[in-house]
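Remarks on the structure that follows.
Residue numbers (my numbering): 12 to 399.
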């Protein structure tokens with residue numbers, strides 16, 4: 012009888028496995044989801060490590076330059092140039108650099124920017140004040156230029172008037188010299204004719220016709236002499252300088268000129284002594300409107316009586332004045348025109364043997380320091396030569 016084979020020895024461990032503790036069974040049999048989460052966590056850590064390694068800057072600038080994008084590299088270069096230019100401009104203004112120092116905190120940078128803003132505001136105010144000062148100086152210079160141009164125009168007009176007066180004086184001086192020569196020749200001819208008249212009057216009767224001719228020529232010459240004397244008087248009517256004055260008028264002119272800036276009492280004393288010392292007395296004063304040299308119509312009749320009341324050998328000297336308001340040169344001209352206007356009226360009414368002359372002393376305050384109009388006058392003086 013065949014017996015069944017015995018069971019293999021390998022089945023024993025299985026039996027032993029059944030006798031293992033409960034904890035060993037649980038560590039071996041983990042759920043699949045837990046293992047998957049573990050693998051995912053490990054993969055994420057690896058990715059983070061790789062990313063950190065790739066993003067770490069290279070220690071070599073050359074390596075960085077090789078790996079950078081060319082456009083990015085060019086943009087960075089331009090940015091650095093702009094930052095450098097801005098820092099240079101800030102250095103010129105006395106400000107600290109704005110770029111380059113990356114160690115400052117945000118508060119420090121903000122404080123510096125605030126300080127820079129205040130500095131720029133102060134500088135802007137300073138520039139504004141400087142511009143205002145320069146504008147004021149420019150306005151002043153412009154006004155000075157305008158005033159200079161106006162003064163130049165006034166001086167140009169005065170120069171033209173002076174040249175005209177000089178030309179007229181030269182012409183009148185030449186005429187006066189010519190008239191004196193003609194007058195001297197006429198007087199000599201009259202003397203010669205007078206001698207011939209006497210000789211002919213003592214001769215035979217046939218010389219009577221010749222006598223009448225000579226007498227007629229003598230009378231014509233006498234009329235011519237009177238005309239020449241009148242023209243000569245008009246030519247020497249105005250004396251522009253002391254040298255052109257008649258000899259009898261020189262001392263009075265000097266004395267009047269020396270009274271400028273004297274006190275009222277000194278002036279009154281001097282006027283009272285002119286008669287005894289110089290034979291000079293003031294006849295009257297003619298008032299003129301401001302800026303005018305026209306003789307007021309109401310004064311013409313009074314002026315016409317001065318020559319009739321004066322002695323036959325009197326010199327009537329008219330001295331012109333102007334107030335101190337206005338231009339000095341214009342006042343000088345105005346005072347001379349006033350004296351000449353009065354002298355012309357006197358020259359028309361003078362008697363034979365009398366002489367008339369006009370002279371000026373320019374602007375003054377002698378006749379009224381507080382009322383300028385009182386100095387707008389012409390004085391009429393009568394000078395009678397003193398006999399020794």
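Virtual Cβ for every residue (Gly too), placed ideally from N, Cα, C.
- Nearest neighbour of residue 284 by Cα position, chosen from 262, 302, 200, 300, turns out to be 262.
- Between the stretch 365-374 and the stretch 251-265 there are three or more inter-stretch CB-CB distances shorter than 8 Å, so the stretches are counted as touching.
- DSSP places residue 366 in the strand class (E or B) of the three-state scheme.
- Contact holds between the stretch 316-332 and the stretch 350-361, because three or more Cβ pairs, one in each stretch, are under 8 Å apart.
- Here residue 303 is exposed: its Cβ has fewer than 16 other Cβ atoms, across all protein chains shown, within 10 Å.
- Within a 10 Å sphere around the beta-carbon of residue 157 sit fewer than 16 other beta-carbons, which makes this residue exposed.
- Contact check for residue 394 and residue 291: beta-carbon distance about 5 Å, within the 8 Å limit, so the pair qualifies.
- The C-beta distance from residue 356 to residue 293 rounds to 17 Å, too long to fall under 8 Å, and the pair is not in contact.
- Selection 248, 254, 205 evaluated against residue 232 yields 205 as nearest (Cα-Cα).
- DSSP places residue 314 inside the alpha helix (DSSP H), whose first and last residues are 308-314.
- Assignment of residue 136 by DSSP, reduced to helix, strand and coil, places it in the helix class.
- When the beta-carbon positions are compared, residue 286 and residue 323 stay at least 7 Å from each other.
- Closest option to residue 382, judged by alpha-carbon separation, among 341, 354, 392, 336: 336.
- CA-CA distance, residue 271 to residue 198, rounds to 44 Å.
- The bridge partners DSSP lists for residue 249 are 369.
- Ranked by Cα distance from residue 375, the first of 345, 140, 320, 224 is 345.
- For residue 331, the uninterrupted beta strand (DSSP E) segment begins and ends at 326-333.
- With contacts defined by Cβ atoms closer than 7 Å, residue 297 and residue 192 do not form a contacting pair.
- In terms of Cβ geometry, residue 338 and residue 373 do not form a close pair [threshold 7 Å].
- Rounded to the nearest angstrom, the Cβ distance from residue 312 to residue 362 is 18 Å, too far for a contact under 8 Å.
- Beta-bridge annotation (DSSP): residue 297 is paired with 389.
- The secondary-structure analysis by DSSP pairs residue 201 with nothing; it has no beta-bridge partner.
- Between residue 391 and residue 320, the gap from beta carbon to beta carbon reaches 7 Å or more.
- The bridge partners DSSP lists for residue 394 are 291, 326.
- When the Cα atoms are used, residue 82 and residue 151 turn out to be separated by approximately 58 Å.
- It is roughly 10 Å from the alpha-carbon of residue 167 to the alpha-carbon of residue 160.
- Here the alpha carbon of residue 135 sits roughly 23 Å from the alpha carbon of residue 93.
- For residue 349, the uninterrupted alpha helix (DSSP H) run begins and ends at 339-360, by DSSP.
- Between the alpha carbons of residue 145 and residue 138 lies a gap of roughly 10 Å.
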